[in-house]
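Number of protein chains: 2
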Amino acid sequence: MRKNLKLGLFGFGCVGQGLYHVLHETKGVKAEIKRICVKTPDKPRPLAEDLFTFNREEILNDPEIDVVVELIDDASAAFEILKKSLENGKAVVTANKKMLSEHLEEVYELQQRYQKPVLYEGSVCGSIPIIRNLEEYYDNDLISSVEGIFNGSTNYILTKVFEERRSYQEALSQAQALGFAESDPSLDVKAYDPKFKLTILIAHAFGVFVRPEEVINIGIDRLSAVDLKYAKDHGLTIKLVARALKSGNKIFGLVAPQFVEKTHPLASVRNEFNAVTVEGAFAEKQLFVGKGAGSYPTGSAVLSDVSALTYDYQYEYKKRKQENRLTFSNDALVEVVVSFANDSGLVTTSDFEQFKGGFQSGGQQNMQGIVRLEILRKWSQLEGVNVILSQRAVLHPVLADPVEVLSYT
Amino acid sequence: MRKNLKLGLFGFGCVGQGLYHVLHETKGVKAEIKRICVKTPDKPRPLAEDLFTFNREEILNDPEIDVVVELIDDASAAFEILKKSLENGKAVVTANKKMLSEHLEEVYELQQRYQKPVLYEGSVCGSIPIIRNLEEYYDNDLISSVEGIFNGSTNYILTKVFEERRSYQEALSQAQALGFAESDPSLDVKAYDPKFKLTILIAHAFGVFVRPEEVINIGIDRLSAVDLKYAKDHGLTIKLVARALKSGNKIFGLVAPQFVEKTHPLASVRNEFNAVTVEGAFAEKQLFVGKGAGSYPTGSAVLSDVSALTYDYQYEYKKRKQENRLTFSNDALVEVVVSFANDSGLVTTSDFEQFKGGFQSGGQQNMQGIVRLEILRKWSQLEGVNVILSQRAVLHPVLADPVEVLSYT
Chain A
0 MRKNLKLGLF GFGCVGQGLY HVLHETKGVK AEIKRICVKT PDKPRPLAED
50 LFTFNREEIL NDPEIDVVVE LIDDASAAFE ILKKSLENGK AVVTANKKML
100 SEHLEEVYEL QQRYQKPVLY EGSVCGSIPI IRNLEEYYDN DLISSVEGIF
150 NGSTNYILTK VFEERRSYQE ALSQAQALGF AESDPSLDVK AYDPKFKLTI
200 LIAHAFGVFV RPEEVINIGI DRLSAVDLKY AKDHGLTIKL VARALKSGNK
250 IFGLVAPQFV EKTHPLASVR NEFNAVTVEG AFAEKQLFVG KGAGSYPTGS
300 AVLSDVSALT YDYQYEYKKR KQENRLTFSN DALVEVVVSF ANDSGLVTTS
350 DFEQFKGGFQ SGGQQNMQGI VRLEILRKWS QLEGVNVILS QRAVLHPVLA
400 DPVEVLSYT
Chain B
0 MRKNLKLGLF GFGCVGQGLY HVLHETKGVK AEIKRICVKT PDKPRPLAED
50 LFTFNREEIL NDPEIDVVVE LIDDASAAFE ILKKSLENGK AVVTANKKML
100 SEHLEEVYEL QQRYQKPVLY EGSVCGSIPI IRNLEEYYDN DLISSVEGIF
150 NGSTNYILTK VFEERRSYQE ALSQAQALGF AESDPSLDVK AYDPKFKLTI
200 LIAHAFGVFV RPEEVINIGI DRLSAVDLKY AKDHGLTIKL VARALKSGNK
250 IFGLVAPQFV EKTHPLASVR NEFNAVTVEG AFAEKQLFVG KGAGSYPTGS
300 AVLSDVSALT YDYQYEYKKR KQENRLTFSN DALVEVVVSF ANDSGLVTTS
350 DFEQFKGGFQ SGGQQNMQGI VRLEILRKWS QLEGVNVILS QRAVLHPVLA
400 DPVEVLSYT
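Protein chains in written order, with numbering that gives the first Met the number 0: chain A, 0 to 408; chain B, 0 to 408.
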């Protein structure tokens, strides 16, 4: 039997307004917004003033409110709201990937303790229902990898750079003007945002909680004209790929730019679209593509969570109950192309487990070969070093069988 | 609370054996196969003999069996088994798209009458969880279209024809040798199979039951060398596209080969892969890609249905409960390229609502323009006429606003 839910909303920005409109256009969902808590008192708002409050206690302590929908930017404040809401017996819907990534194990434990659900489909790849599918549909399948393009702004920038031969700076400014990139774009272009999403998917695909700082992230902000030329000369494109895969009882994960062949399904994922590939033992490879952000796509994901709460849905984190508990590891090898200023000495051939060659062009030195992930972490902290995974690169776990390159052939 | 289920299996071919293996590799599902009913008594089988029976009553009348898993070819026998199972208080899992397409409204009514669920994720695009997503995740979104590549054999044939410049006949033989095409391939190459799947998705996307004979299907078996040359000269490929879309309170649907631009996401869906695009008012465009057939992909879809039954899942056919009841219509226009033997007179310019031009090549006459769907139906019944939808083609409902071409830009 479906319940009628009363919602308390925190934040009324892009996603909050999207949710409001989607909710009012779809008559099927038995939920209404009772109150909206906002920060800035004197902004003009499109709704009746008495719907708004500036005091969060008016939502957190309202016994009539069943569900708190948290859509604010500030990750610490969002976690406080989540905790208080569960303590006060309210379910929570959130799209805050940074907060979730930093607190996922606590969020899991708080749900057990207070027996109230937290749903967050909107936090990963907006409109793509990936968490729900990992939880429900792939609950039996033995998932071997999850990978994809988890950040729309950087995919938009890379598309413009490749298809319209714009410079990285031009494409970034255009993305910002269109609202696809934040005014401080570093969470996106330095690949923190897709890393937060990857850690959330790792929990639902493999039952492993991993701290975001354990996962190496390499951004697209150091890509050079030489890299783009190399890609074009070899009939490749570059995508910012997030991936996690299982080998033995270990989970490996990484976010980095990667050369991608034009026939690879991720190559056709353009502009602000996101994509997720799930590979299982039996269902084999599944690709999901959709808009990863924006008012309506994320608003509709949030509404799907609200709708699921009307029939008492909760994540079961089923993979945590599997027999073989897995652990996260960075003890793996990967094939890369690394570039740096001639004579800067930032990279040497001894960094490589297997050095495959190099060339100089435009004042840059390029080197190709197989390295340990810990070397990638070191390079990612050196401003003058740019790393791109090879088109053949997946993570070859050290001492394990090589994993094949994912391709739809 | 999850239940332990006892299964009775009908059929032990490719999918049945896949299910058996998947079930035995995944310890999480509380289900076991109690008995398997097969037709041919003296085939060697990989399992203990006492698991098998040749008498269907031993499953249908066994009070211990909770779920009947129907995986036989014969659609009429499959429907009889489904009816009897529900009458006898058993849930049903089936992957028989022909049976479902021909009896979907009855299957819906039987579920209401006997209050037992029928699940059939494996019937549409194998491993792609499209029915579950339409039912659960897009339960609120106002879906405007569902389209894609629903048949793996024909997609394999078209891929080989385009990428390896094989003839249609050669590619078909190869697909048959690999087991992607039946020895009687007409259900596939004449586009009946994807049409059956389309009618099932129309029920779950729009809440409309449509008889398969109402939906026009045009196969790929009349494609000629001239068509392939035309495609290549224009930088296009050809895909067998199934689609349904909403305009006003009408649903339009069609399966036909279509010219597709190389940057279109369906162009990158190769070989035996299937794809489904869902377009909604809010979630916008979502693309799902995966294997559409085969022992393990379909077996894992069937197992996901069995697993869902352990927590009493059932389809709610939610879209049928929406306020505005929709109806299926063929009163629409579409842009096509049609070809036929010179001087055969099978097609005339008066068939077109808007004639755009034509040319002669290799003894064939080609004509391009906009026609009513009923003309397509007439042409589909003339052996010498080959129809391909234009790359700009979607269905333009007559007297309604034109619908835009779906493209990921």
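A virtual CB, placed ideally from N, CA and C, is assigned to each residue, including glycine.
Selection from the options that minimises the alpha carbon distance to residue i
i	options	result
Ile374 of chain B	B:Asp304, B:Thr348 and B:Gln363	B:Thr348
Ser185 of chain A	A:Ile217, A:Leu345, A:Asn270 and A:Glu69	A:Ile217
Asp220 of chain A	A:Ser172, A:Ser143 and A:Phe51	A:Ser172
Ser379 of chain A	A:Lys261, A:Val305, A:Pro128 and A:Val337	A:Val337
Ile369 of chain B	B:Gln363, B:Gly357 and B:Gly361	B:Gly357
Lys5 of chain A	A:Leu302, A:Glu162 and A:Lys42	A:Leu302
Ile215 of chain B	B:Arg376, B:Ala47 and B:Phe272	B:Arg376
Asn329 of chain B	B:Tyr19, B:Ala243, B:Val335 and B:Ser306	B:Ala243
Ser100 of chain A	A:Gln390, A:Arg210 and A:Asp232	A:Arg210
Lys194 of chain A	A:Lys245, A:Leu177 and A:Cys124	A:Cys124
Gly88 of chain A	A:Glu63, A:Ile199 and A:Leu70	A:Glu63
CB of residue i within 8 Å of CB of residue j, strictly
i	j	result
Val259 of chain B	Lys290 of chain B	no
Val254 of chain B	Leu197 of chain B	yes
Ala90 of chain A	Lys115 of chain A	yes
Asp226 of chain B	Ile387 of chain B	yes
Glu352 of chain B	Leu332 of chain B	yes
Gln257 of chain B	Ala392 of chain B	yes
Glu283 of chain B	Tyr295 of chain A	yes
Tyr113 of chain A	Leu81 of chain A	no
Gly10 of chain B	Arg34 of chain B	no
Ile142 of chain A	Gly279 of chain A	yes
Val409 of chain B	Ser299 of chain B	No answer is possible for residue 409 of chain B: it lies beyond the span of chain B, which begins at 0 and ends at 408.
Gly206 of chain A	Leu50 of chain A	no
Gln364 of chain B	Phe339 of chain B	yes
Asn132 of chain A	Phe272 of chain A	no
Lys83 of chain B	Leu59 of chain B	yes
Leu109 of chain A	Val92 of chain A	no
Between the CA atoms of residue j and residue i - distance to the nearest angstrom
i	j	result
Phe179 of chain A	Gly293 of chain A	8 Å
Gly17 of chain B	Asp138 of chain A	17 Å
Leu394 of chain A	Leu345 of chain A	23 Å
Glu382 of chain B	Ala170 of chain B	21 Å
Lys96 of chain B	Asp304 of chain B	15 Å
Pro128 of chain B	Leu286 of chain B	12 Å
Val188 of chain B	Val384 of chain B	15 Å
Arg319 of chain A	Asp65 of chain B	28 Å
Gln359 of chain A	Ala230 of chain A	15 Å
Thr52 of chain A	Pro45 of chain A	14 Å
Lys26 of chain B	Ile201 of chain A	21 Å
Asp73 of chain B	Glu163 of chain B	35 Å
His23 of chain A	Gly121 of chain A	18 Å
Asn150 of chain A	Gln321 of chain A	30 Å
Tyr191 of chain A	Val288 of chain B	27 Å
Asp232 of chain A	Ser166 of chain B	32 Å
Ala241 of chain A	Ser152 of chain A	14 Å
CB contact below 8 Å: residue i versus chain A
i	result
Leu235 of chain B	no
Tyr19 of chain B	no
Pro128 of chain B	yes
Phe354 of chain B	no
Asp138 of chain B	yes
Asn132 of chain B	yes
Tyr119 of chain B	no
Val288 of chain B	yes
Glu283 of chain B	yes
Cutoff 8 Å: residue i Cβ touching any chain B Cβ
i	result
Gly206 of chain A	no
Pro264 of chain A	yes
Ser299 of chain A	yes
Val402 of chain A	Residue placement at Val402 of chain A is poorly supported in this model, since its pLDDT is 34, which falls under 50; the coordinates still yield a value, given next. No, because no Cβ of chain B sits closer than 8 Å to the Cβ of Val402 of chain A.
List in chain order: all unbroken beta strand (DSSP E) runs of 3+ residues lying wholly within the segment 225-254 of chain A. 235-246
Runs of alpha helix (DSSP H) wholly within the segment 38-96 of chain B (minimum 4 residues, chain order): 56-59 and 74-86
Taking only runs of the alpha helix (DSSP H) that begin and end inside the segment 146-195 of chain B, which ones reach a length of at least 4 residues, in chain order? 151-162, 167-176 and 185-188
Which runs of the beta strand (DSSP E), 3 residues or longer, sit entirely within the segment 4-40 of chain A? 4-9 and 30-36
I'd like the ranges of any beta strand (DSSP E) spanning at least 3 consecutive residues and lying wholly in the segment 324-390 of chain B. 331-340, 353-360, 363-371 and 385-388
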